[in-house]
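Report on the following structure.
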Ligand SMILES: [Zn+2]
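Residue numbers (our numbering): 40 to 521.
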């Protein structure tokens, strides 16, 4: 049984779902005003591992994610400029163009990191009517009020507002933060905006008609609205970065439970920060670390995925180029060892089951991916056939998604190619690792040596017909596919 830490109860608990065997899962998606940095992507990697673990252990999963393309201000607590508008100004593009560009960039990064696309991906701008309906419902139930042009959620109506943060309210109150002007329309310091018609930034690009005037939704309402539409009223698992816990997730709980009138989501999964040696990673501080930057520097994005898997999601992880270089070494060695295994059919089912159980036990222990990676080495060390080991590793890789077998196969071919650069009577053939072609090239050499030029030409033509080009070089020949 899956044991998972629940941020709402601050305990490791047995994972339970509203409908047995089925998981309704929601993930807070990106605000598409800039590239995701690899710290953001750590969360998506770990959420991907969680989703795949649930599927791997037999659950049927419906995973929903939003794309924030409106309403997210530069502070998570309703203050500052709209992030989308800021991105559009920066790049001199329209908000819609910015949204499209960075949504595509996000999914391209995900693909490179082998992160599966959720079953439902919903941009916030596509569901405005649902958010309006929800805000109307909250006003009707007296959980929300209209003041100074905006609709606010009234946090004083709740018995317990600080689900994720039972600290001193004064520390958390928006109004007392340095440099943030207090919104005098708010009845309580932590009330938050459900619908804006008045903002300090009048040039908001995207606006819609509403019962309260032309405006746009607050950020928090979008996740509640999208989840209610696609996950239903009972959500089993809500995920996000630890940054989202307060105020974003706290506000989601407040408005959703007030709207539906019962408990909404029991299980909350939060991934901790990726830090640099200089502190918490952010877009404004230090080098802007993106997947593209990793690639430019010659790193395989999957090495970063493995780097994340090597540590626990509830611990801060320190990124440095040196740490990533260590991961490269580990990854290459691992692939090299798998490449040395000989494929075959003699899979020992009993050993397979035993090794699989070890892997599942690691993942079911609060998603202990570091332990799951150790299980990979246990497979390599196991006293069983190579075919069994390869079958187990292929099975593990459904969750790990490191392309272990494909990379090992590429490595095997590379090894074969190197081995094919062998000498025959002082004649060296360098090819692409196909012994049949090597043999033909060698026959051509033998024919030429015997002055049988007709036969040598015939072999050259035969190879050409197969799309192979031979280049004669000093002391041998090179061939390549053209
Ligand atoms: Zn959210």
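Just so it is clear, CB atoms sit at the ideal spot from N, CA and C, and this is done for glycine as well.
Cβ distance (whole Å) where residue i is taken to contact residue j below 8 Å
| i | j | result |
| --- | --- | --- |
| residue 432 | residue 294 | Wrong, their Cβ atoms sit about 45 Å apart, outside the cutoff. |
| residue 411 | residue 401 | 4 Å |
| residue 128 | residue 70 | Not quite, the Cβ-Cβ distance comes to about 15 Å (not below 8 Å), so this is no contact. |
| residue 341 | residue 442 | 6 Å |
| residue 350 | residue 409 | 6 Å |
| residue 65 | residue 277 | 5 Å |
| residue 274 | residue 257 | Incorrect: roughly 20 Å between the Cβ atoms, too far for contact. |
| residue 152 | residue 343 | 7 Å |
| residue 109 | residue 245 | 5 Å |
| residue 301 | residue 259 | Not confirmed; about 19 Å, so no contact. |
| residue 72 | residue 149 | Not confirmed; about 17 Å, so no contact. |
| residue 495 | residue 486 | 4 Å |
| residue 81 | residue 356 | 7 Å |
Where residue i sits in the DSSP three-state scheme
| i | result |
| --- | --- |
| residue 184 | strand |
| residue 515 | strand |
| residue 104 | strand |
| residue 303 | coil |
| residue 256 | strand |
| residue 170 | helix |
| residue 507 | strand |
| residue 288 | helix |
| residue 308 | strand |
| residue 468 | strand |
| residue 120 | coil |
| residue 74 | coil |
| residue 382 | coil |
| residue 279 | strand |
| residue 481 | helix |
| residue 397 | helix |
| residue 345 | helix |
| residue 64 | strand |
| residue 496 | helix |
| residue 88 | helix |
| residue 269 | helix |
| residue 337 | coil |
| residue 326 | coil |
| residue 375 | helix |
| residue 51 | strand |
| residue 191 | strand |
| residue 210 | Any reading at residue 210 must be qualified, since the residue scores a pLDDT of 47, below 50, and its modelled position is unreliable; the value itself is stated next. In the structure shown, residue 210 sits in a helix (DSSP, three-state: H, G or I). |
| residue 215 | Unreliable placement is indicated for residue 215, whose pLDDT of 43 sits below 50; no coordinate value is reported for it. |
| residue 110 | coil |
| residue 436 | helix |
| residue 200 | coil |
| residue 360 | helix |
| residue 141 | helix |
Nonlocal neighbours in the same chain, by C-beta distance under 6 Å from residue i, ignoring five residues either side
| i | result |
| --- | --- |
| residue 512 | none |
| residue 229 | 194 |
| residue 236 | 188, 251, 252, 254 |
| residue 419 | 376 |
| residue 397 | 414 |
| residue 299 | 272 |
| residue 281 | 309, 311 |
| residue 484 | 466 |
| residue 407 | 401 |
| residue 51 | 42, 44, 405 |
Residues near residue i in its chain [Cβ-Cβ closer than 8 Å; skip 5 each side]
| i | result |
| --- | --- |
| residue 399 | 95, 96 |
| residue 448 | 378 |
| residue 521 | 506, 507, 508 |
| residue 137 | 71, 72, 123, 126, 127, 130 |
| residue 79 | 69, 280 |
Sequence-distant residues of the same chain with beta carbon closer than 7 Å to residue i, five excluded per side
| i | result |
| --- | --- |
| residue 271 | 63 |
| residue 225 | 191 |
| residue 144 | 74 |
| residue 395 | 431, 434 |
| residue 384 | 426 |
8 Å Cβ cutoff met for residue i and residue j
| i | j | result |
| --- | --- | --- |
| residue 292 | residue 415 | no |
| residue 309 | residue 279 | yes |
| residue 60 | residue 106 | no |
| residue 386 | residue 426 | yes |
| residue 437 | residue 91 | yes |
| residue 45 | residue 306 | yes |
| residue 184 | residue 289 | no |
| residue 510 | residue 517 | yes |
| residue 180 | residue 266 | no |
is_contact[residue i, chain B] using C-beta, thresh 8 Å
| i | result |
| --- | --- |
| residue 139 | Although the question refers to chain B, the structure presented lacks it and comprises just one protein chain. |
request  = Would you check if the region 365 to 380 and the region 112 to 121 touch, i.e. whether three or more CB-CB distances between them fall below 8 Å?
outcome  = no
ask   = Three or more C-beta pairs closer than 8 Å, one from the region 437 to 456 and one from the region 495 to 504: is that the case here?
value = no
message = So, does the region 359 to 367 touch the region 168 to 184, judging by three or more C-beta pairs under 8 Å?
response = no
query = Taking three-plus beta-carbon pairs below 8 Å as touching, is the region 156 to 168 in contact with the region 261 to 275?
reply = yes
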